[in-house]
Amino acid sequence: MTRYFDFEAIAAQYGDRVAIISGKQKVTYRELAKCAYKKSQKYHWTCPYIVLKGRQEIDFVEDFLAIHYTKRTPIIVNEFMMKHLDKVLKKIKGKWQYIEEQKKQKDQTVENNLLFLGLTSGTTGIPKVYCRNWVSWRAGFVLCNRNFKMTSCEGVATPSPMTTSLGMHTLMLSLYLGKTMYFMNEKSLSPNNQKTAIFTVPAFLEQKFGSVIWKNVKSLVLCGGLLNKNLLSKIQQQDSGTSVFEMYGSSETSLISWQELNKDKKANCVGKLFDQVQFKCNHSSLIEVGSPYLFSGYLGCEEEKTVVTSDIGELKEGEVFVYSRQSEVINHCGNKIFPGEIEKSLLHFAEDAVTFGVQDKKSGERIIALVVCKLKYAELEHGVEQYLESFKRPQEYIYVSKIPLAPNQKISRLWLAQKYERGEFDEV
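In UniProt numbering, the protein residues as written are 1 to 428.
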């Protein structure tokens with residue numbers, strides 16, 4: 001196996017426990033190790049990096065482990081990025097190959113401590129390739145097990161794709177803890193027969209809320225996007241005994257902060273720091289952290305001791321507050337406006353809402369609001385006047401049945417702005 005990541009030891013520890021269930025298929029830890037080893041003998045790779053398409057299938061996990069058995073590093077990509085890899089992976093040109101590809105060249109195997117290479121969403125341009133090592137994630141798995149009350153959970157699940165950091169983190173967490181990982185389908189977000197911990201993006205849960213079997217959700221961990229008060233209220237009304245948590249972090253930082261949400265949620269608060277996370281003070285307003293959970297840097301770049309995120313926020317009285325993504329701050333008539341502030345007011349009247357800025361010659365950026373709302377346009381506009389100063393009010397409201405999500409299942413305001421500029425939304 002790759003240095004430090006030893007699935008053989010995990011398989012020996014958990015043996016005949018069920019490792020993964022996908023539809024009608026299931027595989028134990030022992031069987032998973034055996035199948036992965038067989039596959040490693042079938043392939044004859046010569047490059048140190050192997051491109052693997054991420055998917056919620058047992059076959060994907062077997063391929064992922066098979067690559068490690070041959071002391072190589074998986075590069076996990078989605079279907080779309082398969083067409084752009086020459087550009088994305090130019091820093092390792094000649095050192096990567098597709099999983100089914102055969103190359104007649106000298107073996108270039110180089111042992112390292114990497115678990116996989118992943119791609120950022122690429123909303124603002126060419127995706128960055130980030131390097132994730134096993135040791136940094138493993139250090140945080142013990143905290144997840146304790147903080148999110150996973151000892152009483154039999155299964156683990158996430159609807160997030162395996163091409164996302166959240167998807168892979170959940171899979172590896174489940175395997176490390178000896179749980180049963182459930183690969184989800186579109187009909188249900190939770191298994192119907194086990195106490196499960198679910199890790200999901202709030203926006204995706206909002207849209208699939210009716211497919212959750214709440215009595216089987218022991219722990220719900222929400223991460224990767226804004227958690228609004230309306231969604232939290234809906235969850236708490238289920239009266240299912242589900243422990244609800246919020247986790248804040250990123251592909252680069254992994255764990256930053258967390259909180260249990262038994263009652264209400266403070267505006268913009270994402271909880272207290274995980275153990276051993278240091279919140280750094282800098283000259284910008286961007287959140288910067290150091291911790292044992294950081295990634296190994298971007299491909300071709302040196303590993304950093306701290307990571308500066310793209311989030312504007314602060315540490316206040318022991319709690320982390322996140323106000324906006326730097327790239328999503330709306331510049332309207334010389335005013336810097338946080339979208340979350342507008343959305344908080346809109347949620348007094350709308351079931352769901354998201355705001356973003358689009359280029360405008362007169363004002364710099366116009367404020368656009370997508371809303372899921374039953375009120376008429378004039379009623380909504382009048383209601384918002386009670387909460388927002390005139391320069392913070394949206395200039396345009398677009399009524400939708402649900403907020404569109406980016407391919408990574410998150411709300412991306414930049415992606416929505418691009419859709420707007422292409423004329424894919426109609427103003428009410």
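Glycine included, each C-beta is placed from N, C-alpha and C at the ideal position.
* If we call anything under 8 Å between Cβ atoms a contact, is Y29 one with A19? -> yes
* Asked: What is the DSSP secondary structure of E427, counted as helix, strand or coil?
  -> Unreliable positioning characterises E427 in this predicted model, as indicated by a pLDDT of 48, which lies under 50. The coordinate reading is nonetheless provided below. E427 falls in the coil class under three-state DSSP.
* Same chain, Cβ closer than 8 Å to residue 450, neighbours up to 5 away in sequence not counted -> No answer is possible for residue 450: the residues shown for the chain start at 1 and end at 428.
* Asked: Where Y298 and K91 are concerned, what is the direct C-alpha to C-alpha distance, given to the nearest angstrom?
  -> 11 Å
* Sequence-distant residues of its chain with Cβ nearer than 8 Å to E427 (five each side left out) -> For E427, the predicted model reports a pLDDT of 48, less than 50, meaning its position is unreliable; a value from the coordinates is still stated below. E396, Y397 and I398, listed in sequence order.
* **C-beta atoms of L220 and F245 nearer than 8 Å** => yes
* Alpha carbon to alpha carbon, what distance is there between Q105 and S251? -> 34 Å
* Check whether the segment 257–268 touches the segment 176–183, taking contact to mean three or more Cβ pairs, one atom from each stretch, closer than 8 Å. => no
* To do: Note down the Cα distance separating K410 from V201, rounded to an integer number of angstroms.
  => 6 Å
* Report the residue from G313, T46, I312 and P292 whose alpha carbon sits nearest the alpha carbon of K305. => P292
* Asked: Less than 8 Å separating the beta-carbons of T242 and F199?
  -> no
* To do: Give me whichever residues DSSP pairs with N133 in a beta bridge.
  => L114
* Nearest-angstrom Cα distance between P191 and A157? -> 8 Å
* Segment limits, alpha helix (DSSP H) that includes C35 -> Y29 to K42
* Asked: Under a three-way DSSP split, which group does H283 fall into?
  -> coil
* To do: Using the Cα positions of W415 and Y14, report the straight-line distance between them to the nearest angstrom.
  => 43 Å
* Helix or strand or just coil, what does DSSP make of residue 431? -> A question about residue 431 goes unanswered here, because the residues of the chain that appear run from 1 up to 428.
* **Proximity of G224 and L166 at Cβ, strictly below 8 Å** => yes
* Asked: Cβ of P394 within 8 Å of Cβ of T355?
  -> yes
* **Beta-carbon contacts of Y43 that lie in its chain and below 6 Å, excluding the five residues immediately before and after** => none
* Round the Cβ separation of L117 and T73 to the nearest angstrom and send it over; I've been treating them as touching at under 8 Å. => 6 Å
* **First through last residue of the alpha helix (DSSP H) which encompasses P339** => P339 to L346
* Which stretch, first to last residue, makes up the alpha helix (DSSP H) that contains P202? -> P202 to Q207
* Counting only runs that start and end within the segment 398–422, where is the alpha helix (DSSP H) found for 4 or more residues in a row? -> 413–421
* 3 or more residues per run - each beta strand (DSSP E) lying fully within the segment 346–396 -> 352–360 and 364–372
* Grab me the residues of Q194's own chain with a C-beta within less than 6 Å of its C-beta, minus the 5 sequence neighbours each way, in chain order. => E154 and G155
* To do: Measure from the alpha carbon of D352 to the alpha carbon of each residue in I76, I50 and S233, then state which is nearest.
  => S233
* By the 10 Å Cβ neighbour count, where 16 or more other Cβ atoms means buried, how is C301 classified, buried or exposed? -> exposed
* Taking residue 435 as the reference, which of L52, I50 and L65 has the closest Cα? -> Within the shown structure, residues of the chain are numbered from 1 to 428, placing residue 435 beyond reach of any answer.
* Pull up the distance between the alpha-carbon of K149 and that of P159, whole angstroms please. => 20 Å
* Closest to F295 by CA distance: which of Q25, M81, L222 and L115 is it? -> L115
* Asked: So what does DSSP say about T309, is it helix, strand or coil?
  -> strand
* What is the rounded straight-line gap between the Cα of V61 and the Cα of A197? -> 20 Å
* Asked: In whole angstroms, what separates the C-alpha of V88 from that of Q359?
  -> 28 Å
* To do: Report the rounded CA-to-CA distance for Q276 versus V400, giving the unit in angstroms.
  => 43 Å
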